[in-house]
Amino acid sequence: MHQYEKKRHGVDQLPFAVYRSKIPEGFTYYPMHWHEEMEILYVEEGMLTLMVNGQKYRAEAGKVYVVSPGMIHAMEEIPGKHAVYYNVLFHLNFLMSKEDEDHLNESMLQPLLLGTKQFQVEPFVREEVKKEVLHTIKSLVSYREQQEEGIGFLVKSDLFRLLHGLRHTLLTSQDPMIAAGQMERMKKLTNWLLENLTEEITLASAAKFAGYSTSYFSKFFRNYTGTSYLHYFTMLKLEKSRKLLEATDHSAMEIGALCGFQNYSYFIRTFKKHYETTPKQYQMRSRKKNRV
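Each residue of the sequence shown is one higher than the last, beginning at 15 in my numbering.
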């Protein structure tokens, strides 16, 4: 749940991973987070909301979305819609040459890692290029279950092919110093919130921590995340509680308190509103699934 995602994607020898997710079956909201890897989101079915660095996208079936390294992003259910999608994650170091002077390192890979360049989140490319990009992503997805020796050759080849297809959507970051400063504030703020979920952190307290006036912070937070501060902080607590209900033997009441819900009735109502089940029912269902 930490906003800087510490989870390792792949292994040292092959820093590449593919995940298949479902909304709302798996979750309804994945809070803001960031990681050093580049991420490709391919929506196979349905529709979801994707938020990247303050911009909101309606991610639709058959489309590809690109999250460059270091970008803060989140995913959320669109009420009444379902979604099945793949996340392809890889570290650009895997593709970088060890040579001192390498054109691809200098023109694309290093600037992406430093944040001075980034891909369009929703890349607009010619139809024939779009077909090539989709074909390459589906090829990468097919490797997720394979463990044969030498699979890295195919993965690396397809990742280069993918970057080749996306190369015309690479942009120089606008006002990189301002954007970097705002992003850094958001990273520090969300880390602080996650470390203090049991506290009642008001809008004014969060604004003070971020170094903004309350009125400016309220507008800035909504523009940056696509939601209000109160809704975001509540969702952080709910997602933390959901994870604990799945992974621990604490009672639902104990978990509610651990996640900052001092009123158990309010915890039940809020949890049921977002997950369409009570905390206790969710916990029992998770335990039954784990036994199976």
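Glycine is no exception: its CB is placed at the ideal position from the N, C-alpha and C atoms.
Since the structure is predicted, the reported quantities are computational estimates derived from the model, not experimental observations.
At least three beta-carbon pairs within less than 8 Å, the stretch 150-160 to the stretch 29-42: yes
C-beta contact flag for T239 and G68 at 8 Å: Taking the first residue of the sequence shown as position 1, residue 239 is located at position 225. Taking the first residue of the sequence shown as position 1, residue 68 is located at position 54. Yes, these two residues count as a Cβ contact at 8 Å.
8 Å Cβ cutoff met for E51 and A75: For the purposes of this step, residue 51 is identified with residue 37 of the sequence shown, where counting begins at 1. For the purposes of this step, residue 75 is identified with residue 61 of the sequence shown, where counting begins at 1. Cβ atoms of E51 and A75: not closer than 8 Å.
Backbone CA spacing between Q295 and K112 [nearest angstrom]: Taking the first residue of the sequence shown as position 1, residue 295 is located at position 281. Taking the first residue of the sequence shown as position 1, residue 112 is located at position 98. Taking the straight line joining both Cα atoms gives about 53 Å.
DSSP state of M191 mapped onto helix, strand, coil: Here residue 191 corresponds to residue number 177 of the sequence shown, with the count starting at 1. Its pLDDT being 46, under 50, M191 is placed unreliably in this model, and the value from its coordinates should be taken loosely. In the structure shown, M191 sits in a helix (DSSP, three-state: H, G or I).
Beta-carbon gap between L14 and I269 smaller than 8 Å: Coverage of the chain is limited to positions 15 through 306, which leaves residue 14 absent and any answer about it impossible.
CA-to-CA distance, F41 to L64, given in whole angstroms: The residue you call residue 64 lines up with position 50 of the sequence shown. The residue you call residue 41 lines up with position 27 of the sequence shown. The alpha-carbon atoms of L64 and F41 are separated by roughly 14 Å.
Assumed close pair V147, L126 - CB separation to whole angstroms, cut-off 8 Å: Taking the sequence shown and counting its residues from 1, one reaches residue 147 at position 133. Taking the sequence shown and counting its residues from 1, one reaches residue 126 at position 112. So it is not a contact: roughly 17 Å between Cβ atoms.
Rounded C-alpha distance that separates S232 from Y56: Translated into the one-based positions of the sequence shown, residue 232 becomes position 218. Translated into the one-based positions of the sequence shown, residue 56 becomes position 42. S232 and Y56: Cα-Cα distance of roughly 32 Å.
Residue ranges of each alpha helix (DSSP H) within the stretch 118-149, 4 or longer: 124-128
Every unbroken alpha helix (DSSP H) inside the stretch 261-301 [4 residues or more]: 266-272 and 278-289
Reduced DSSP secondary structure (H/G/I, E/B, other) of S82: If you number the sequence shown from 1, residue 82 lands on position 68. Coil at S82, not helix or strand.
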